[in-house]
Each structure stands twice: as structure tokens, then as C-alpha cells.
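These protein sequence lines map, in sequence, to chains Y and A. For the first sequence, position 21 (counting from the first letter as 1) is numbered 21 according to my numbering, and the numbering increases by one without interruption. For the second sequence, position 16 (counting from the first letter as 1) is numbered 1016 according to my numbering, and the numbering increases by one without interruption. Backbone N, C-alpha and C define an ideal beta-carbon position, used for all residues, glycine too. Single-structure report; data block below.
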Amino acid sequence: MTLNRTRAALLLATLAGAAAVHSIAAQSPSSASAPQVPQPALRPQSSPASRPVIVLDPAHGGADTGASLPGNLAEKDVTLAFAQKLRALLGPAGFTVITTRDSDPAVPLSTDDRAQTANRAHALACIVLHATAAGSGVHVYTSTLQPAPALDADSVPAYAPVPWESAQAAFVTQSRRLGDDLRETLTKSGASPLLGRAPLRPLDNLLCPAVALEIAPQSSGDGSSTPVTDSGYQQTVAQAIVAALQAWSVQNPSGDAAQ
Amino acid sequence: MIPRYQRILFWSLAAATLLMAGFLLHGCRQAREKLTRRRNETPLSAPVETPSQSVRLAVASDADGTISMADRNLALPSDPTTRARALLARLIAEYSWKNSTHPLESGPAIDDVFLLDLPLKPAAAFNAASTGPANDTSPAQPAPASASAGQLAVVNLNGGFVSHHPSGIEVETLTVDSIVGTLFANFPRVVQVRFLVDGQPHDTLAGHADLTRTYQAVDTATAGTAP
């Protein structure tokens, strides 16, 4: 009889322990049971405050293949591969990385979907990745929107609506500064960048300092050209981007740029 | 010694050959006369002599991603709509030339250009104005002509041009900026530009440059004057 009571007590204790562990695991997304792929629609709860968030948007995907690149490659595959390479470098550099896609989706993501993912992340910087066979070097683009005029904080309601089509206007100045930083670092790495403004979605809808990077073949003085698929070239560009983002993070601690 | 029957055969064949050649020449001459008679050479309208005039093209360069202004002497129609179409057709045609700084495929690129006075009349107001005061219940009133605040240029691109356009942010943005800059430089009343493809709204030019927005007609030149 005493033995049965002891067994029952042990069983209850085990069940209570299991329930407690399950409860803790459910509240902690960083646990092993959490999905490895970030959920695009959710703000990353797992990122510590000390780790700034970078959003990577590998453009195109699914039926939207993007540009046709030499070697029978599609732009969507090159941007995805480059985003994974960049992610692998950004993680150890102290960033939390959120990507709008980690695979080739059956149904292409709309630019609005991508913007929503980025906006929910409250990112330090958003990088839209493209690749092309035209032109040369790395093209850095910011939005064509004019910067929003500075308003008196007292005259603006606490929850003033932000027009979707011009959401980036509040961040255009910071985006241009980020573009300048990227150009500087890319120049130092020998990637011959080109800075400009482009009417490109989803840049105008992003609520973060945002740039679009288009990787083009690297032309050299002797007339030869390094393709965008060259691993060494991609690595050089990725390292330059990480260096620029690290400098950007120092200049804008605790994500001030995205506030 | 050639037998007699062979000589007769040879001369007969030679005569037949000459006869057939003469018949063929006669037939060709008759066909040419027939075609000439059918050609209608009646003058339907008096020939118009259009003097060449200086225009400015916003020429794109892929190498450095710039737009530069280039002067050209062209004979263009006087009607503004036709003139805008001819000007843009010439601009895109130059991109298909050898050694172009912004290479595009040759072929028809601009189907139409429409120049509309701003502000645009709402459809309801337009219908009310066209059907008379009995149906004038809409709060929207057609804007008087004197209140025009410039013009909206609607550029209808050819679907073949769009489908063969190179894909990329830089190359597409340069094409759009080149068209907008050329309209700005030659049509002072144009303040906005919109794009259609085969008469329909289209998301992007070739996957990147947004064609759904209204572009402000501004000076898009980012470099000096091109040759």
C-alpha cells in the first residue's frame, strides 16, 4: 500500500515536471524545439537586445526567376545563395539575421509580403539582394522618395498613420548614409560600386534604413570579367557588406537608426 | 563525220533555246508593264516640308550608370502627341545602334504617347459633362481648362520591347530615366509620366523598375552633355 502511494507520488511528480518543462519550452523560441526557419510574419523574440537585426531579402523566387544569368542560372538562385553566404558571415559578426525566404518558394512572395516581414523585424538595416549580367561592379540603390520633413513631436499624434507607398520617406536620409558607407567599404575591397536611386519595390515600403544591392560582373582593366557566380567575388562583396554593417551598427547603437 | 540526223537535232535544240529565251524576256517585260500600270501615283496630299530642329535626348550609359543630355537635329511632326512618340522612338532606336552605350534590341518600342491635361477629369464628372446638366448630380466637377497644372504623359510601351528588355535594376532604371528625362527636356508642360504596356498597366519593366507609379518629370541627367 505504501509502495503504491510512493509510485503514485512519483508519477504525479514526473507529470508535473514534464508539464513545467513543456511550458518553459513553449515560452522560449530559442529552445531546441523552436523552428529553425524564421517565421517571416513574426518579430524575432529570440534576438537579444544587444544583437542588432539585419533583414536580407533575396529578390525573386518561384515562378519569378528574375534575370537570366550566364551559365543558365536564374537570378533568384544567385540571390538566395548570396544571402546564405552573407548570413553565415553576419551571424558570427554579432547580428541577428532575418531573411524573407530561405528556399525557392512554390508561390512567389509579393513585394508587400517582403516589406511586411522586414517591417516587423524593426531592423537596423534592410538589404535587398539582386544580381544581373548587365553593367559592372556592385550597384547600390536607395529609394527615389524625398526625405520626409522633420515634424514637431508635439504636433504629431502618437500613432500617426504611415502611408504604405511612402513608408521609406522617414528613413531615406539614413538609407543614403548607409548607401554611402557601403560604397566606401566596397570601394576599399575593389568591388567598384555604383551608387544611385531606383524605383524599385519594396524599397519604398520599408520602415528601416534600406538599400538594394545589385551584383554585376566585375570588369577588370584588361577586358576580362568576373561573373557574379564567382565564389571569390561573392565572398569579397559579402565581407565588405559585413564590414559596412558593423561600422553602421557602431554609428547607430541599439538600432537607433530604425527608431 | 557527224551524221546528218545529229546536226538536224543540234540546230533544232539551239533554235528552241533561243525561242524560249525570247519568250521569257517578253513575259518579264509584260509583267513589269502590268505592275507599273497598277501603281497609283495620284498625289493625295501635298508634301509637307518639316524643317529640322534641335531636340535634347537623355542618353543612358550602362558603363557608369549615368544619363547625359545629347543634342540632335531632327525633323519631327508638329502635333505634340505624334512628336513625343517620334522623339521617344528615335531615342530607343539609338540604343539599338552599334556601339550603343545602353544596348537594347531593335524593334518597335513606343506604341503611343498620350498627353493629358492635369488635373485629370474624374470619370463621373466626364460623363456628367458629356450627358448634360440633367445628370449633373456628382460632386466632382470637371476642371476648367485654365486650371490646368501641366500635363501627364502616358507612354504606351510595346509588349515586344518590354519582353526583350534586359533585366536588372540599373539597366531598367536607366531606360525609364532616359524616357522621363527626354520628355522633360522637350515638353515643358509635362510634369508627370506614367507607363503602360500594350495599353495595360504593368508591374515592372523587366522584373525590377516599377511601372505602376507616376513618375515626376524631372531632369534625370546625372552627367555632362553627351556627344
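4-residue-minimum alpha helix (DSSP H) runs that sit fully inside the segment 89-130 of chain Y, ordered along the chain: Whole alpha helix (DSSP H) segments, 4+ residues: 111-121.
Notebook entry, point to check: With distances taken from CA atoms, which of F1184/A, Y1095/A, P1166/A, V1191/A is nearest H1119/A?
Noted result: Numbered from 1 along the second sequence, position 119 holds the residue referred to as residue 1119/A. In the sequence under discussion, the amino acid at residue 1119/A is Pro, which differs from the His named in the question. Nearest in C-alpha terms to P1119/A, of all of F1184/A, Y1095/A, P1166/A, V1191/A, is V1191/A.
> Name the DSSP beta bridge partners of Q146/Y, please?
Replying inline: Here the question's residue 146/Y lines up with position 146 in the first sequence. In the DSSP assignment, no residue is bridged to Q146/Y.
Distance, T1204/A Cα to P108/Y Cα | The residue labelled residue 108/Y in the question sits at position 108 within the first sequence. The residue labelled residue 1204/A in the question sits at position 204 within the second sequence. Their backbone Cα atoms lie some 15 Å apart in a straight line.
Considering only the beta carbon of each residue, do G135/Y and A212/Y sit closer than 8 Å? Position 135 of the first sequence, counted from the start, is the residue given in the question as residue 135/Y. Position 212 of the first sequence, counted from the start, is the residue given in the question as residue 212/Y. Cβ distance not < 8 Å, so G135/Y and A212/Y don't count as in contact.
Next item on the list: Just the C-alpha distance for T144/Y and A198/Y, rounded to the nearest angstrom, thanks.
Entry: Working through the first sequence from its first residue, we reach residue 144/Y at position 144. Working through the first sequence from its first residue, we reach residue 198/Y at position 198. Whole-angstrom Cα-Cα distance: 6 Å.
Check your understanding: Helix or strand or just coil, what does DSSP make of H1026/A?
Key -> Position 26 of the second sequence, counted from the first residue, corresponds to residue 1026/A. Under the three-state reduction of DSSP output, H1026/A falls in the helix class.
_Quick check: A240/Y and T185/Y, are their CB atoms within less than 8 Å of each other?_
For the purposes of this step, residue 240/Y is taken as the residue at position 240 of the first sequence. For the purposes of this step, residue 185/Y is taken as the residue at position 185 of the first sequence. Against a cut-off of 8 Å, the Cβ pair of T185/Y and A240/Y comes out as a contact.
### Under 7 Å from the C-beta of Y141/Y: neighbouring residues of chain A
The residue given as residue 141/Y occupies position 141 in the first sequence. By Cβ distance, chain A contributes I1169.
Hey, does E214/Y have any beta-carbon neighbour from chain A nearer than 8 Å?
Here residue 214/Y refers to the residue found at position 214 when the first sequence is read from its first residue. Under the Cβ distance rule, E214/Y counts among the residues neighbouring chain A, one pair being separated by less than 8 Å.
- Message: I'd like to check one pair, Q146/Y with A210/Y: are the Cβ atoms closer than 8 Å?
- Response: Along the first sequence, read from residue 1 onward, the residue named residue 210/Y stands at position 210. Along the first sequence, read from residue 1 onward, the residue named residue 146/Y stands at position 146. No.
Kindly say whether V1048/A, judged by its beta-carbon, lies nearer than 8 Å to any beta-carbon of chain Y. Here residue 1048/A is taken as the residue at index 48 of the second sequence, counted from 1. No, no contact with chain Y.
Scan the segment 1201-1222 of chain A for residues whose Cβ lies nearer than 7 Å to a Cβ of chain Y and list them as they occur along the chain.
-> Of all residues in the segment 1201-1222 of chain A, G1207, H1208, A1209, D1210, R1213 have a Cβ within less than 7 Å of some Cβ in chain Y.
| A198/Y CB to nearest chain A CB: under 8 Å? | Taking the first sequence and counting its residues from 1, one reaches residue 198/Y at position 198. Interface residue, yes.
### Message
Given a cut-off of 8 Å on the beta-carbon distance, is the pair P1108/A and G1160/A in contact?
### Response
In the second sequence, the residue the question calls residue 1108/A occupies position 108. In the second sequence, the residue the question calls residue 1160/A occupies position 160. In this structure, the beta-carbon distance from P1108/A to G1160/A falls below 8 Å.
How about G1150/A and G66/Y: are their beta carbons less than 8 Å apart? Taking the second sequence and counting its residues from 1, one reaches residue 1150/A at position 150. Taking the first sequence and counting its residues from 1, one reaches residue 66/Y at position 66. With a cutoff of 8 Å on beta-carbon distance, G1150/A and G66/Y are scored as not near each other.
Worksheet item: In three-state DSSP terms, what is S1178/A?
Response: For the purposes of this step, residue 1178/A is taken as residue 178 along the second sequence, with counting starting at 1. Reduced to three states, the DSSP call for S1178/A is helix.
Around the C-beta of K1034/A, are 16 or more other C-beta atoms found within 10 angstroms, so that it is buried, or is it exposed? In the second sequence, residue 1034/A corresponds to position 34, counting from 1. With fewer than 16 other CB atoms across the displayed protein chains lying within 10 angstroms of its CB, K1034/A is exposed.
| Using 8 Å as the limit for Cβ to Cβ distance, is A160/Y near chain A? | The residue labelled residue 160/Y in the question sits at position 160 within the first sequence. No - not a single Cβ of chain A is within 8 Å of the one on A160/Y.
- prompt: chain A beta carbons: is any one of them nearer than 8 Å to that of H130/Y?
  reply: Counting from one through the first sequence, the residue named residue 130/Y turns up at place 130. At least one CB of chain A lies nearer than 8 Å to the CB of H130/Y.
At a cut of 8 Å, does the segment 1072-1092 of chain A reach the segment 1210-1224 of chain A through at least three beta carbon pairs? No, they do not touch.
(request) Determine the burial state of T111/Y: buried for a count of at least 16 other Cβ atoms within 10 Å of its Cβ, exposed for fewer. (result) Within the first sequence, the letter at position 111 stands for residue 111/Y. T111/Y should be labelled buried.
key: C-alpha gap between P1003/A and L1009/A, whole angstroms   = For the purposes of this step, residue 1003/A is identified with residue 3 of the second sequence, where counting begins at 1. For the purposes of this step, residue 1009/A is identified with residue 9 of the second sequence, where counting begins at 1. Cα-Cα distance, rounded: 10 Å.
### Query
With distances taken between CB atoms, is the gap from L200/Y to Y159/Y smaller than 8 Å?
Taking the first sequence and counting its residues from 1, the one referred to as residue 200/Y is at position 200. Taking the first sequence and counting its residues from 1, the one referred to as residue 159/Y is at position 159. The criterion of a C-beta distance shorter than 8 Å is not satisfied by L200/Y and Y159/Y.
In this structure, does DSSP put D1136/A in helix, strand or coil? Locating residue 1136/A in the second sequence gives position 136, counting from the first residue. Because the pLDDT at D1136/A is just 38, under 50, the model does not fix this residue reliably, and the value given afterwards should be weighed accordingly. Residue state, collapsed to three classes: coil.
**Message:** Using CA atoms only, rank isn't needed, just tell me which of A247/Y, Q84/Y, P202/Y, D104/Y is closest to S231/Y.
**Reply:** The residue labelled residue 231/Y in the question sits at position 231 within the first sequence. The option with the nearest alpha carbon to S231/Y is Q84/Y.
- Query: Closer than 8 Å, Cβ to any Cβ of chain Y: which residues of the segment 1061-1080 of chain A, in chain order?
  - Reply: Taking a C-beta cut-off of 8 Å against chain Y, the contacting residues of the segment 1061-1080 of chain A are D1062, A1063, D1064, G1065, listed in chain order.
### Query
For M1001/A, does the three-state DSSP call read helix, strand or coil?
The residue given as residue 1001/A occupies position 1 in the second sequence. DSSP places M1001/A in coil when its eight states are reduced to three.
- Any beta-carbon of chain Y closer than 8 Å to the one on V1176/A? Position 176 of the second sequence, counted from the first residue, corresponds to residue 1176/A. True, the Cβ-Cβ gap to chain Y drops below 8 Å.
- Message: Does N1156/A come out as helix, strand or coil in the three-state DSSP assignment?
- Response: Numbered from 1 along the second sequence, position 156 holds the residue referred to as residue 1156/A. In the three-state reduction of the DSSP assignment, N1156/A falls in the strand class.
Checklist line | Neighbouring residues, chain A, relative to L194/Y (Cβ below 8 Å) | finding: Along the first sequence, read from residue 1 onward, the residue named residue 194/Y stands at position 194. Near L194/Y (Cβ distances below 8 Å), the residues of chain A are D1064, G1065, E1170.
task = Please state whether DSSP places Q1200/A in a helix, a strand or coil.
result = The residue you call residue 1200/A lines up with position 200 of the second sequence. Q1200/A: strand per DSSP, three-state reduction.
Counting C-beta neighbours from all protein chains within 10 Å, is the total for S1229/A 16 or more, i.e. buried, or is it exposed?
A query on residue 1229/A cannot be resolved here, the shown segment of chain A reaching from 1001 to 1227 and no further.
message: So that I know if they touch, is there some Cβ in chain Y lying closer than 8 Å to that of T1173/A?
response: Here the question's residue 1173/A lines up with position 173 in the second sequence. Yes, because at least one Cβ of chain Y sits closer than 8 Å to the Cβ of T1173/A.
Margin query: Short of 7 Å Cβ to Cβ, which residues in the segment 1094-1126 of chain A face chain Y?
Written below: When CB distances to chain Y are screened at a threshold of 7 Å, not a single residue of the segment 1094-1126 of chain A falls below it.
| message | I want to verify the contact list: residues of chain A whose CB lies under 8 Å from the CB of G94/Y, in sequence order. | response | Within the first sequence, numbered from 1, the residue matching residue 94/Y stands at position 94. For G94/Y, no chain A residue has a C-beta closer than 8 Å to its own C-beta; the minimum C-beta separation is roughly 29 Å.
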